[in-house]
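Residue numbers (this note's numbering), protein chains in the order written: chain A, 1 to 313; chain C, 1001 to 1313; chain G, 2001 to 2313; chain D, 3001 to 3313.
Glycine included, every Cβ here is placed at the ideal spot set by N, Cα and C.
All figures in this text were calculated on a predicted structure; none of them were measured in a lab.
Taking it in order: structure first as structure tokens, then the write-up.
4 protein chains.
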Amino acid sequence: MQVKGSVEVIPTTFSYVFSPYRDPIARVSPGQRVVIHCEDAFESRIQSARDIPSRALAGAKFLNPQTGPIYIEDAAPGDTLAVRIEDISPTRDFAISCLIPYFGGLTSTPITRTLQAPLEERVWLWRLENGHLRNDELQLSLPWQPFMGTLAVAPDLEAISTLAPGPFGGNMDVPDVCPGNTVYLPVWNDGALFYTGDTHARQGQGELCGVALEITSKVTVVFDVIKAKEVSWPRIESADRLMAVGSARPMEDAARIAYAELVTWLEADYGWRRLDAYQLLTQAGGLYVGNMVDTTYSLVASIDKHLAARRSS
Amino acid sequence: MQVKGSVEVIPTTFSYVFSPYRDPIARVSPGQRVVIHCEDAFESRIQSARDIPSRALAGAKFLNPQTGPIYIEDAAPGDTLAVRIEDISPTRDFAISCLIPYFGGLTSTPITRTLQAPLEERVWLWRLENGHLRNDELQLSLPWQPFMGTLAVAPDLEAISTLAPGPFGGNMDVPDVCPGNTVYLPVWNDGALFYTGDTHARQGQGELCGVALEITSKVTVVFDVIKAKEVSWPRIESADRLMAVGSARPMEDAARIAYAELVTWLEADYGWRRLDAYQLLTQAGGLYVGNMVDTTYSLVASIDKHLAARRSS
Amino acid sequence: MQVKGSVEVIPTTFSYVFSPYRDPIARVSPGQRVVIHCEDAFESRIQSARDIPSRALAGAKFLNPQTGPIYIEDAAPGDTLAVRIEDISPTRDFAISCLIPYFGGLTSTPITRTLQAPLEERVWLWRLENGHLRNDELQLSLPWQPFMGTLAVAPDLEAISTLAPGPFGGNMDVPDVCPGNTVYLPVWNDGALFYTGDTHARQGQGELCGVALEITSKVTVVFDVIKAKEVSWPRIESADRLMAVGSARPMEDAARIAYAELVTWLEADYGWRRLDAYQLLTQAGGLYVGNMVDTTYSLVASIDKHLAARRSS
Amino acid sequence: MQVKGSVEVIPTTFSYVFSPYRDPIARVSPGQRVVIHCEDAFESRIQSARDIPSRALAGAKFLNPQTGPIYIEDAAPGDTLAVRIEDISPTRDFAISCLIPYFGGLTSTPITRTLQAPLEERVWLWRLENGHLRNDELQLSLPWQPFMGTLAVAPDLEAISTLAPGPFGGNMDVPDVCPGNTVYLPVWNDGALFYTGDTHARQGQGELCGVALEITSKVTVVFDVIKAKEVSWPRIESADRLMAVGSARPMEDAARIAYAELVTWLEADYGWRRLDAYQLLTQAGGLYVGNMVDTTYSLVASIDKHLAARRSS
């Protein structure tokens, strides 16, 4: 697809729901280069390793502010929205991670509830320099590998918290939502109504403590609308892999969704018979955990595109 | 560790439990090269793409035969057994996968039970040639990447089905249990009482249909005993990564175990403070699904050894 | 509370979301007797044992129509809404249950997904006569024990499908939401914005096949607003028991929420110390499954009111 | 069945596994009245409200001692063992409950693992007097409603920790395993190899903190062997209900097993067609949580016997 001009989206307020009930903050065309400014998950309320998250966030009724909705011309219910991610550029020189009471993968939470005291609160500040994130206290540098933690379309009739992942995409926290890759999302509303934010300088698989290396940023995407093509769950395509994202609880349900969607993809677009696709994925599929901390867990099932096309990899 | 001679273990019968109640079939010393002959998970009852699994297996009261127990001299309760895997050589020229009624990741099972009819039965035979597995019907070749699906020590007091993974190792179906890597297991009994089998020519993450590319084989390992060092769950070390395996249901519990064990490892052996290890794994950890089909699911959490040692990767 | 007059709510359209974005269809005062007309979960599309659910429902984009929102004067964020249920009267002489493809407790579903074919479709029509439900084919009569399957307030910022239960109440399918009992719900919006529907002539614990004995009805309730009292999850009070409803996946998370809420209730209103309440519920609590079929499962934890008040039961 | 004499079983040692590898401590005949002496779950190591559980239990390598195995004449693989429970008599005048670190329903555990500190340790001593349990500190009396927390046959080939419930029965912690009821268990070994213990003076549904009102006792049972009749999971029959117990994780899997077994029972013994049984249980089944704290959770599905027999209840 040829890129046709560019447009910049600078939000004045943010959304805390993926909602069909909000007015678009911008209208763009398929094929345009769209530069979207994003806040971090804490709306920049945490700025220092000395901050105490529960105090710094006390004034925030909601977290994970999103830029959107962006109306994409020509997108209509029943279509698929393709989001080609071209770039993520930081708009500050540091990233933040922290421990928030009763939030994370190795603590009880409001959903997996216990009577225990929370873990200690902590903030880690990582300086961004020369393509790395540097934390002096940990004496460690990690490579800059940015991605969008959250990316969604508005659901059908529902308005869902921006903390949640689901069939609409959302807060998947999947590192493959990154520059170079294309994400496919179902369209339920005219204009698709796209939201994004929660950009991460990097993150391990699972987003273990619940907070990746959170940054403010400008992301550059190009939208395409695939008419009259329906997908049920988010899909990601990289140079060499097909990926499907399932989000559910318990985690095995997310795994089943992700792999079942990949079976569907192989059947519809690559000519595989259902049980043969099941066999292929058994012997050659990938399955990693995107997040084990959000309202539902996100798992990514994948297959090499050469194998999908029956060319030995 | 220097290798001191070699010994071959050729079983005459197999075990269907990881059990402290069976007599050792061999006694070996730490440092010896041990070549262990293994049956496939179906005890070679399925030999052709025309076999019908439920009939071929009708005479089998139990599945997943293991070679063992092997008594390792000097191993005593409270020690850790290190199993360095040197080689897996096939002892036939094909691998088998199949669909077994009510077994697998995208079907209901005796644990996740529904009233639905089972999926159709199928067998896929993959010929082993030139370092690849070839299935003509699928028109596909996949690389030979063998590993031991099952590897265990006898539990403490319990005798557990060889279909199960757990703290003792067992039927983890984790592709990183492969040549070049070392697996660490807790020791609860004198001699550790080691079992292995269920070798796979290869497998995707999750072992989706429940049956990898099953082979008969000879595996070559060298045991070492680490005195007075206790681990709670299996660990794997490769040239560049530390890995911990958690097995549980639901799958998020396996994820929590795997990452919590890795936190423990970083604290004990690499000088990390607990919450800093939590932070490191959040930003740089790996988390993939070994199996989503066995009696409990196995997940593998990992970290780069350079990062564990605070040398930037 | 003294009842002050009565008002009847007859909907002209229905809502398929619990939403703060819809205009109230009625405004009522605390203390008024409110008679609310409700459709059944299928909007009366299934009328006969010969109907085929997937065809009868083909024209329905959404299921589980709700009457609402009803604006309750004086209710404001931070209050608790008390809903005293006085009566449920049927408005037709039969109830419907059926099997819908990929919906129910003993089938795979879009969340717990498999590749298996769905169960056969079926409709059971139960005639309502003399206080019993009668199915001739099954040669069985069951007592009329009606309740509201769905009852909710609008969430905070979100609009949630009426198929879902949650902190806002919703599609809990809990038989104790019945005449004689009072349900307490959090208030996040001015007027609380109350919804109800999905009335059931009766239902077993778990709502096993996903479809109870569905009826159209008039329900009579009286609202009360408890100012500046916050509850986190729905509570139910009967003549002799305190109940808390937790809705989550996996089911153990729903159990934890339900019992933890009951601990909180005993602490705040009955003077129990936290760990003593934990002990009381261990020895005398009740815990049953409301639904094992909806988007999240609902469990009900309970305790005898005499015990809560330390009067031996 | 007529009772033929009686026999008393007084153990000299206890078993911490349900195992086919142990020699019977007694041999009894079907129809004999068998009086079995049982230790409490802590082998009487906790005797006072001032004890600190982790210290009192420091010398115990294993918990939940069982009396057995008891060999029942005539029982052979493929049969069903019926255990009619006649009486549970306390052999001391108090019951114990306590909080053990990282054990219970509202704390993280070694399976559902977090990095949080454990809850405070506590012991509650309840005096048994006049058919009630009395705790002075709580100012509360609860009725004596005893049952066997643990009751099992030896599994097939496996030896399983007495902390676990499963198809063999085991540590189900289901209050309906009580005097007046009959429990049916599968038989996998000659003589069935019966174990019991962990008697409780009473317990709420879920056994919330993990420790019921633990007592030492004499239980009186009468065994019957139903030849050539196979059940897959434990069943319980009371004067008026049929019950099936499913034990699994996550909890929804236990629910599915329990209800599916009840469908099977209605089909085999009461002439129900499968989907009609599914309908009956949807509208009239019961489903409560026995334990939410053990290695797997136990749920009890039930139906009124009059309804099973199509006589209106």
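Under 7 angstroms by beta carbon: chain A residues contacting residue i
i: residue 1252 of chain C; result: 250, 251, 292 and 297
i: residue 3108 of chain D; result: 108, 114 and 116
i: residue 1196 of chain C; result: Ordered by position in chain A, no residue passes the 7 angstroms Cβ test against residue 1196 of chain C, which lies about 21 angstroms from the chain.
i: residue 1207 of chain C; result: 282
Residues of its chain near residue i, where Cβ-Cβ distance is below 7 angstroms and the 5 sequence neighbours each way are ignored
i: residue 1305 of chain C; result: 1240, 1241 and 1242
i: residue 3181 of chain D; result: 3085, 3236, 3237 and 3238
i: residue 3150 of chain D; result: 3064, 3066, 3162, 3170, 3171, 3196, 3197 and 3198
i: residue 3214 of chain D; result: 3040, 3041, 3042, 3095, 3096, 3097 and 3200
i: residue 3019 of chain D; result: 3154 and 3159
i: residue 1051 of chain C; result: 1123
Presumed contact (8 angstroms Cβ cut-off) between residue i and residue j, rounded CB distance
i: residue 290 of chain A; j: residue 300 of chain A; result: 6 angstroms
i: residue 2105 of chain G; j: residue 2206 of chain G; result: 6 angstroms
i: residue 3122 of chain D; j: residue 3142 of chain D; result: Residue 3122 of chain D to residue 3142 of chain D, Cβ: 17 angstroms. No contact.
i: residue 232 of chain A; j: residue 261 of chain A; result: 6 angstroms
i: residue 1252 of chain C; j: residue 297 of chain A; result: 6 angstroms
Contacts of residue i in chain A (Cβ-Cβ under 8 angstroms)
i: residue 1977 of chain G; result: The shown model of chain G, from 2001 to 2313, leaves out residue 1977 of chain G, and the question about it has no answer.
i: residue 1212 of chain C; result: 282 and 283
i: residue 1242 of chain C; result: The premise fails here: residue 1242 of chain C is roughly 13 angstroms from chain A at the closest Cβ pair, so nothing lies under 8 angstroms.
i: residue 2274 of chain G; result: 115
i: residue 1217 of chain C; result: Within 8 angstroms Cβ-Cβ: nothing; residue 1217 of chain C doesn't reach chain A, min ~17 angstroms.
Contacts of residue i in chain G (Cβ-Cβ under 8 angstroms)
i: residue 161 of chain A; result: 2157 and 2158
i: residue 62 of chain A; result: 2157
Chain-order list of residues whose beta-carbon lies under 6 angstroms from that of residue i (same chain, five-residue window excluded)
i: residue 2064 of chain G; result: 2041, 2162, 2163 and 2198
i: residue 2313 of chain G; result: Note that residue 2313 of chain G scores 49 on pLDDT, short of 50, meaning its location in the model is unreliable; the coordinates nonetheless yield the value given after this. Within the same chain, residue 2313 of chain G has close Cβ partners 2304, 2306 and 2307.
i: residue 1145 of chain C; result: 1202
i: residue 87 of chain A; result: 179 and 220
i: residue 1293 of chain C; result: 1104, 1105, 1207 and 1210
Contacts of residue i in chain A (Cβ-Cβ under 9 angstroms)
i: residue 2260 of chain G; result: 113, 114 and 115
Contacting residues, own chain, Cβ-Cβ under 8 angstroms from residue i (five flanking each side not counted)
i: residue 54 of chain A; result: 100, 101 and 121
i: residue 3138 of chain D; result: 3124
i: residue 3177 of chain D; result: 3085, 3147, 3148, 3149, 3151, 3183 and 3236
i: residue 3228 of chain D; result: 3078 and 3079
i: residue 10 of chain A; result: 37
Interface residues of chain G facing residue i [CB-CB closer than 7 angstroms]
i: residue 270 of chain A; result: None at all; the shortest Cβ gap to chain G is about 17 angstroms.
i: residue 3019 of chain D; result: Within 7 angstroms Cβ-Cβ: nothing; residue 3019 of chain D doesn't reach chain G, min ~28 angstroms.
i: residue 3202 of chain D; result: 2283
Contact set between residue i and chain C, taken where Cβ atoms lie within less than 7 angstroms
i: residue 264 of chain A; result: Those within 7 angstroms of residue 264 of chain A in chain C number zero; the least Cβ separation is about 11 angstroms.
i: residue 193 of chain A; result: Those within 7 angstroms of residue 193 of chain A in chain C number zero; the least Cβ separation is about 31 angstroms.
i: residue 3278 of chain D; result: 1115
Chain G residues whose Cβ lies nearer than 9 angstroms to that of residue i
i: residue 3288 of chain D; result: 2205, 2286, 2287, 2288 and 2289
Contacts that residue i makes with chain D (C-beta to C-beta distance below 7 angstroms)
i: residue 2310 of chain G; result: 3139 and 3140
Interface residues of chain C facing residue i [CB-CB closer than 9 angstroms]
i: residue 256 of chain A; result: 1105, 1106 and 1292
Practice task
Please list the segments of the alpha helix (DSSP H) lying wholly inside the stretch 3021–3060 of chain D, counting only runs of 4 or more residues, in order along the chain.
Solution key: 3053–3056
Handout entry: Interfacial residues, the stretch 1110–1124 of chain C to chain D, with Cβ spacing under 9 angstroms
Key = 1110, 1111, 1112, 1113, 1114 and 1115
Problem - Segments assigned beta strand (DSSP E), at least 3 residues, entirely inside the stretch 2229–2307 of chain G - result: 2235–2237, 2241–2248, 2286–2291 and 2297–2304
Practice task
Please go through the stretch 1155–1234 of chain C and give each complete beta strand (DSSP E) segment of 3 or more residues, from N-terminal end onward.
Solution key: 1182–1186, 1194–1200 and 1217–1226
Problem - Under 8 angstroms (Cβ pairs) to chain A, residues found in the stretch 1016–1040 of chain C - result: none
Exercise for the section: Anything in the stretch 174–190 of chain A with a Cβ closer than 9 angstroms to a Cβ of chain C? List those residues in chain order, please. Expected result: none
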